[in-house]
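Below: one structure, written as structure tokens.
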Amino acid sequence: GTGDPEASTPSDKEPLNNVREIHQKALDDLVNVNSLFTLAVFVGLSMARQGERSLENRTECDADVGNARRLVVNEVVSFACFLLSSLVAKALKIHVTICQEEDFKNTRNQIVRFSMLMLSVWASVFGCIFLTVSMVDVIQIKVGKLSCRSVHAWRAAGALIAIVLLALSIYVPFMMTAIFTSVKNVQRKVGKQ
């Protein structure tokens, strides 16, 4: 090309538009998932009541103040992680939407976008981890402490942890693949010009 952005053909801009659409879709999905998890945070916070009896119906199996305190702390940290992830994703979506073609291809901007996307994804992952830990405390408050060897508490906690680990083992590699693919597509497009 002549270097004039207006002189580029529609087929030249199409791969870049596809990359933008992939970024925007991934960011929308990330914010939507974070919204669901944030709802779970507030449900968990409503469970943190002192002096509540567990379903195990043995006094020694009732959760203590430490469980309720840990629940609140982990819920707050989880909420902060989801909020960080969502705000970074929203800011990045605005950047991707308004960014001019030359700026979009700029190496510094690519590094910033890549870093922000990674921050958003990993904040969401850590939010999931803290949310899972807090849900284990909800189980201990409602069903009975794990130290009481309550079969129901162990089953619930085990199922929760196994399912979250499975979900994260699927989510993280696919998100990382999407991020690296979109970054490579931009670099390949820049290399052709």
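Sequential numbering of the sequence shown, starting at 1166, is according to the numbering used here. Just so it is clear, CB atoms sit at the ideal spot from N, CA and C, and this is done for glycine as well. Fair warning: this is a prediction, and the values are worked out from it, not measured in the lab.
Note down the Cα distance separating residue i from residue j, rounded to an integer number of angstroms.
i	j	result
valine 1324	valine 1242	For the sequence presented, residue 1324 should be read as alanine rather than valine. Approximately 23 Å between the Cα atoms of the pair.
valine 1286	glutamine 1305	29 Å
isoleucine 1294	aspartate 1194	19 Å
phenylalanine 1279	serine 1250	14 Å
glutamine 1189	valine 1261	7 Å
asparagine 1271	isoleucine 1263	14 Å
phenylalanine 1291	glutamate 1186	26 Å
methionine 1283	glutamate 1240	22 Å
leucine 1248	methionine 1281	14 Å
threonine 1224	alanine 1322	20 Å
threonine 1297	asparagine 1232	14 Å
valine 1238	glutamate 1267	44 Å
valine 1277	isoleucine 1326	33 Å
leucine 1330	alanine 1228	25 Å
arginine 1320	alanine 1256	40 Å
serine 1200	alanine 1245	12 Å
valine 1337	lysine 1307	31 Å
arginine 1234	threonine 1346	42 Å
Take residue i and list the residues in its own chain whose beta-carbon comes closer than 6 Å to its own, dropping the five residues that flank it on each side.
i	result
alanine 1254	Leu1192, Leu1195, Val1196, Ser1285
Starting from residue i and walking both ways along the alpha helix (DSSP H), at which residues does that stretch end?
i	result
aspartate 1302	1272-1307
leucine 1228	First, the residue type needs correcting, since residue 1228 is alanine and not leucine in the sequence shown. That residue, alanine 1228, is in no alpha helix (DSSP H); it is neither H nor E in DSSP.
If you drop the 5 nearest sequence neighbours on each side, which residues of the same chain put their C-beta closer than 7 Å to that of residue i?
i	result
cysteine 1226	Ser1219, Gly1309, Lys1310, Cys1313, Ser1315
methionine 1340	Val1286
Whole-angstrom Cβ separation of residue i and residue j, contact assumed at under 8 Å?
i	j	result
serine 1299	valine 1198	Not a contact, Cβ separation roughly 17 Å.
leucine 1236	valine 1303	6 Å
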